[in-house]
Every structure is written in structure tokens, then in C-alpha cells.
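With numbering that gives the first Met the number 0, the residue at position 15 of the sequence shown is 14, and numbering never jumps. For reference, the structure discussed in these notes is given below.
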Amino acid sequence: MARLTFENIKKVQSSHAERFREIFVTCRRILGKSIWENILASLEAEALPEFFPVELKTLRSSHGLPDYIDDVARIEYARYHIQAQSTPSGNMIDTLSVNPMLKLVPVAWRNLVALIQAGADRAPQPQPAADSHVIIWRHPQTHLLQMREALDLDLLALKVVVEDVTFKQATAQGNGALATIKAAIERAKAEGLLVSPPSRIHRDVASIAPIKPAYEPFVTTETFVLQWHITQACDLHCRHCYDRSNRAFMPYDTAVAVLDDFGNFCNHMRVTGQVTFTGGNPLLYPHFTKLYRAARDRGFKLAILGNPAPISQVEDLVAIARPEFFQVSLEGLEAHNDAVRGPGHFARTLIFLKQMRELDVYTMVMLTLYRDNLDQVLPLAELLRDRTDFFTFNRLSAMGEGSQLSMVPPKRFRELLKDFEAAARHNPTMMLKDNLINLIRTNRGSEAFGGCTGYGCGAAFNFVALLSDGEVHACRKFPSLIGNINADRLVDIYQSERARQYRTGSEACRDCSLNVVCRGCPAVTYSCGLDVFKDKDPYCFKQTKQAGNKRQPVL
């Protein structure tokens with residue numbers, strides 16, 4: 000044992016004082032040098048920093064200290080404790096949990112975080128506030144240390160997780176609507192207050208070409224979209240419509256049961272759910288506003304693919320929940336569009352887009368691309384600059400009445416992709432969607448983007464199409480039946496062999512380095528009389544050892 004000398008004692012005291020100065024920076028600044036040193040000198044040599052806030056509380060009245068000083072000390076010690084912790088190992092968790100690198104500090108004052116971060120001369124004066132909390136955490140991905148006054152939504156999310164309360168229990172206990180609880184949890188996950196197990200939706204990459212590190216984010220999705228064609232009723236009769244069939248629509252109670260089944264699916268697959276209502280025109284579903292509210296109440300993200308609607312109807316929907324976006328369609332400039340969609344449609348759409356901007360609703364405009372409107376894409380994109388948030392195109396699916404139209408010649412399509420991708424660099428309204436644009440980008444040395452759904456072809460991967468009568472398809476644009484929601488749970492339909500075939504994609508794409516961000520368009524492949532499970536998109540111009548399809552496509 001080392002001999003206890005005066006010099007050793009001085010070293011211990013000096014080290015002890017330095018540790019306290021390192022931890023309680025703001026306390027030291029508030030107290031001033033003289034009081035700080037007096038308090039520090041009164042502490043025993045073995046005093047632990049975690050007990051310093053208690054010591055300050057006992058000394059408040061005798062030393063004339065600010066009433067909030069011990070709260071400041073608690074915050075500073077909690078921050079130090081998190082900073083000193085080593086980052087947890089990447090062990091997989093199997094349930095939603097509180098971030099282990101998080102401290103919730105109960106305090107009796109507001110503005111203490113600002114006092115610590117900005118300094119006494121720039122921070123607002125601390126104000127009494129009973130039952131307040133300061134939350135301090137290190138983000139699980141960025142590892143950045145963050146600190147702020149806790150919000151009610153933070154406390155709600157932490158309470159639900161800590162007390163292992165199910166969504167239904169939380170609603171029954173009066174902690175708020177299910178949508179509020181889900182929103183609180185999603186927000187807490189995004190900020191890193193909560194850590195969640197990984198999504199169960201991911202590509203089977205074992206059977207495809209090795210994936211570049213840059214493409215790894217496209218292997219797993221955290222969001223799943225139910226594209227719900229809630230009704231076949233439509234106020235338009237477009238020349239390229241791929242389905243004018245007279246399918247029945249679901250009764251309201253059946254539709255609500257679908258929402259609950261979708262919620263169970265999302266919980267099981269560990270994803271956030273989005274319901275994208277479409278049709279026909281979804282707003283013509285007789286119970287649409289009530290169903291929209293029911294979807295909101297269950298915490299789903301909401302979106303609408305429809306036609307220009309009366310502004311009062313959209314205002315009612317926005318009052319319930321602002322949609323993620325409202326998508327409408329234009330097929331070219333005014334004369335061409337109105338020949339396809341009906342007289343006056345173009346003008347009504349421009350007025351509608353203006354109204355949506357005034358309501359602060361994100362708008363998207365989609366064009367269905369075929370031979371006769373090929374030359375109208377770029378002029379329309381320029382006209383829509385500053386009128387919409389998002390403009391892009393889909394290739395024609397030659398189904399239904401669309402089979403009477405001519406598809407784009409392959410050479411001219413490739414030229415359009417090149418021109419569209421170049422123009423999009425200067426027009427913020429233009430967005431890239433067609434998977435084959437990735438060939439243009441990679442050929443000029445740029446990284447690929449996420450393609451059609453953010454994950455290449457997302458058919459039966461990050462979305463499914465639910466038809467009005469309950470049929471579930473991998474993609475609505477061609478016959479791709481994978482089940483019926485009236486007979487089976489969505490999770491069973493999704494995990495069926497047929498669904499797996501669609502998300503695995505064509506054998507012809509297995510060895511392609513762009514597999515996870517492309518896979519072409521199976522609806523186009525089907526439209527050309529080819530096998531979506533064996534043949535590649537006939538418009539694909541990537542050079543391979545076995546160029547082309549074995550069967551001749553009909554173009």
C-alpha cells in the first residue's frame with residue numbers, strides 16, 4: 000500500500016476537484032469561484048459526484064444559492080454519465096425499448112437546458128415548473144449527445160414502452176387517441192429516444208448479384224404501403240384506363256376490419272403503415288371521410304391518388320389529417336390532356352393544384368407515358384414548375400382500354416429518359432421514378448437512385464394493391480393476384496409463395512448489379528406478352544452476356 004503523505008493527499012484533492020469541475024461546469028459558473036471552492040473544500044475526499052446535487056440542495060438557504068442549482072447539477076451529472084458510457088454493442092433487440100443511452104431527469108424549473116447550453120447571459124431566466132423533465136440521450140445511429148426539455152409526446156412514448164402498454168390498453172387508459180400514441184412512438188424512434196427491432200421486410204439477397212455498399216439501404220424498408228383501390232367509381236373516363244370493371248365496394252364495417260388487419264400486419268412486420276387511397280376516384284366511396292378518419296385514428300400515414308375535388312371536401316380531410324400527398328394526373332398539355340381525360344380537365348387541375356398549395360398540401364402530378372404524348376412530357380414539366388411539388392411519369396400498362404394505345408418506341412424512350420434525367424437537375428418539380436433511369440445515371444458515373452417505389456420495383460415488397468372487392472395484387476397495373484383480404488390475413492397473403500415470386504422478380508434480372516434498385520417494370524413486361532418471372536423488361540438497354548429476351552416482345 001502506498002504511503003499516505005501530504006503530497007499524496009494534495010494530489011487526491013486536486014484530482015477530486017478537477018473531476019467536479021469537469022462535470023459541473025454550469026454550476027461552477029453560476030456559483031462563482033469563491034463559493035464553488037468553499038463548497039468543494041467542505042466535501043469529503045471520497046464524496047461521489049452523483050451526491051453533489053443533494054449537497055447543493057442542503058446548502059441552498061445557508062449559502063444563498065439559486066433555488067434551481069441542484070436541478071442544474073442533476074442535469075449536468077446525467078449528461079456526464081451518458082458521455083462516460085461506452086456505446087452499446089450492436090446486439091439485436093427483439094422488442095421496442097428505451098434507448099439505453101438515455102436519462103430522464105425530473106426538475107422543478109424550465110429553461111435550465113438553455114442555461115446550460117447558452118450561458119447565463121444569453122439564456123432566459125429559469126422559471127418554476129412543477130413536474131417538468133429534461134431528457135438527455137445519445138442517438139443510437141449518430142452517437143451525438145442531445146439534450147432538451149421533455150415534451151408530453153416524449154413522456155407518452157416512454158410511458159407506453161416502459162410500462163409495456165399495448166396500443167389498445169393505452170387508448171383505454173385515456174392516454175390519448177391511438178393515432179397520438181403511434182405518432183409519439185414514431186417520433187421518439189426517429190429522434191433516437193426509443194430503439195426498435197429491425198423491420199422484417201427485406202430483400203432475399205442470397206440469390207442475386209452481390210450488392211454494392213451504396214445500395215444496402217434499398218434492401219430493407221421501414222414503411223409499407225397499402226394502395227387501396229377503395230372504389231371503381233370514377234367521374235372520368237380516360238382513354239388509357241387499365242380497369243373499368245364493375246367491382247363491388249366494401250361495406251364500411253368490412254373496410255374498418257381491413258384497417259385493423261393492416262395494423263396487425265404492420266406490428267408483426269415491424270413497419271410503419273401508410274394507406275394510400277385510390278380508385279377509381281376514392282372520394283366517390285360513399286363512406287370516404289369516415290374511413291379516412293378511421294385510418295387516421297389508427298395512426299396510419301395517409302395519401303390520396305384521385306381527381307381534382309371540391310375544395311371544401313379536401314378542407315374537411317385536411318382538418319382530420321393532412322395527407323402525405325394528393326396525387327392527380329395530367330397526360331400532356333391542355334389539348335392533348337383534355338382529349339384523354341375530358342374537356343376542361345386540364346384547367347380544373349391547375350386550379351386544384353393552386354388550391355392545394357394554399358392548403359399546404361403536398362401535390363404530385365403523374366403522366367401515363369405512351370407514344371402519342373412522348374413529346375409533351377418535358378413541356379408539361381416546365382409548365383408545372385412552381386405549380387406542383389412533384390411531377391413524373393409511368394409507362395403505359397396496356398391493359399383494359401389502355402391496350403388500344405401504342406407503347407413508346409424503345410429508342411425514343413431511351414432518349415426521353417436521358418433528356419428527363421438531365422432536365423430534372425434544373426427543375427425541382429421533376430422527380431425520377433422509372434427504374435431504367437438508373438441505367439442513364441450509372442452510365443454517366445452517378446449513383447443509382449431508389450427507382451419506382453424507393454426500392455426498385457416494390458410489387459409485393461413495400462406495397463400491395465388492395466382492390467375494392469378484397470382481391471390483393473402485387474401491383475394494380477397488371478393481373479398479379481396474390482390473395483383475397485376477405486379470406487386470409489394480410490400477413491399470410493404477404494408471406495405466400497405467390498407473393499414471394501413477385502418480390503423476387505424475374506430470373507433475367509438476378510445477376511444484374513442494379514437488382515435492388517431496378518428490376519424494370521413487370522407491368523410493361525406483361526403488357527408486351529412476356530413472362531414477368533422469367534423475362535426482363537423489354538425496354539431495358541443494359542448490356543448483358545445474354546442480350547434480350549428469348550421471346551420477342553410485342554412493342
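All residues carry an ideal CB built from backbone N, CA and C; glycine is no exception. Model, not experiment: these values are computed from the prediction.
As assigned by DSSP and simplified to three states, the class of residue i
i: S96; result: strand
i: P48; result: helix
i: V11; result: Residue placement at V11 cannot be trusted, given a pLDDT of 41 that sits under 50; the coordinates are not used to answer.
i: M0; result: Summary for M0: the model assigns pLDDT 36, below 50, so the residue's position carries little reliability; its value from the coordinates is reported in the next sentence. Coil.
i: L150; result: coil
i: K300; result: strand
i: P408; result: coil
i: E470; result: strand
i: R394; result: strand
i: N336; result: helix
i: H62; result: helix
i: V104; result: strand
i: G457; result: coil
i: G305; result: coil
i: T230; result: coil
i: Q124; result: coil
i: A486; result: coil
i: L373; result: helix
i: S131; result: strand
i: A183; result: helix
i: V53; result: helix
i: T275; result: strand
i: R137; result: strand
i: V364; result: strand
i: S328; result: strand
i: F23; result: coil
i: T524; result: helix
i: Q82; result: helix
Inter-residue Cα distance where the pair is residue i and residue j
i: D153; j: K102; result: 12 Å
i: A129; j: I135; result: 19 Å
i: R199; j: Q168; result: 25 Å
i: N434; j: E446; result: 13 Å
i: I81; j: R137; result: 7 Å
i: I260; j: L489; result: The amino acid at residue 260 is misidentified as Ile; the sequence shows Asp. Using only the alpha carbons, I get a separation of about 7 Å.
i: L377; j: F419; result: 7 Å
i: L332; j: E496; result: 44 Å
i: I303; j: P281; result: 8 Å
i: H335; j: G343; result: 11 Å
i: S479; j: D468; result: 15 Å
i: C539; j: L352; result: 34 Å
i: L64; j: A16; result: 20 Å
i: G453; j: I207; result: 18 Å
i: L513; j: P427; result: 25 Å
i: N110; j: D93; result: 37 Å
i: S41; j: V53; result: 14 Å
i: H425; j: L155; result: 44 Å
i: S131; j: A149; result: 7 Å
Close-in-space but distant-in-sequence residues of the same chain around residue i (CB under 7 Å, 5 per side omitted)
i: R18; result: P48
i: Y531; result: Note on residue identity: the sequence assigns Val, not Tyr, to residue 531. Cβ neighbours of V531 beyond the five flanking positions: S505, P521, T524 and Y525.
i: R502; result: A458, A459 and F460
i: T348; result: P307, V327 and L329
i: I34; result: H62
i: V557; result: Because the chain here runs from 0 to 554, residue 557 falls outside it and cannot be looked at.
Same chain, Cβ closer than 8 Å to residue i, neighbours up to 5 away in sequence not counted
i: T271; result: E185, E221, T222, F223, C265 and K300
i: V255; result: L290 and A293
i: T57; result: none
i: P516; result: Looking at the sequence provided, one finds Val at residue 516 rather than Pro. Closer than 8 Å at the Cβ level, and outside the excluded window around V516, lie Y214, F217, N434, N437, A447, F448, G449, G450, Y454 and G455.
CB-CB length for residue i against residue j, believed under 8 Å
i: M365; j: T387; result: M365 to T387, Cβ: 10 Å. No contact.
i: V133; j: V104; result: 5 Å
i: L55; j: D66; result: The Cβ separation is near 11 Å, so there is no contact.
i: C451; j: K432; result: 6 Å
i: T288; j: D315; result: 6 Å
i: G401; j: C240; result: 7 Å
i: P123; j: W108; result: That belief does not hold up - the Cβ atoms of P123 and W108 are roughly 11 Å apart, past 8 Å.
i: A464; j: H228; result: 6 Å
i: K439; j: L466; result: Rather than Lys, the amino acid found at residue 439 in this sequence is Ile. Going by Cβ atoms, the distance from I439 to L466 rounds to 34 Å, so no, they are not a contact pair.
i: P197; j: R269; result: 7 Å
Sequence-distant residues of its chain with Cβ nearer than 6 Å to residue i (five each side left out)
i: C26; result: V71 and A72
i: K188; result: S195
i: A473; result: A458, A459, S479, I481 and Y501
The segment 366-381 / the segment 204-218 touching (three or more Cβ pairs under 8 Å): no
Are the segment 405-413 and the segment 484-501 touching by the rule of at least three beta carbon pairs closer than 8 Å? When Cβ pairs closer than 8 Å are counted between the two stretches, the segment 405-413 is seen not to touch the segment 484-501, the count staying below three.
Can you find at least 3 beta carbon pairs, one from the segment 352-371 and one from the segment 309-324, that sit closer than 8 Å? yes
Contact between the segment 230-237 and the segment 389-397: three or more CB pairs below 8 Å? no
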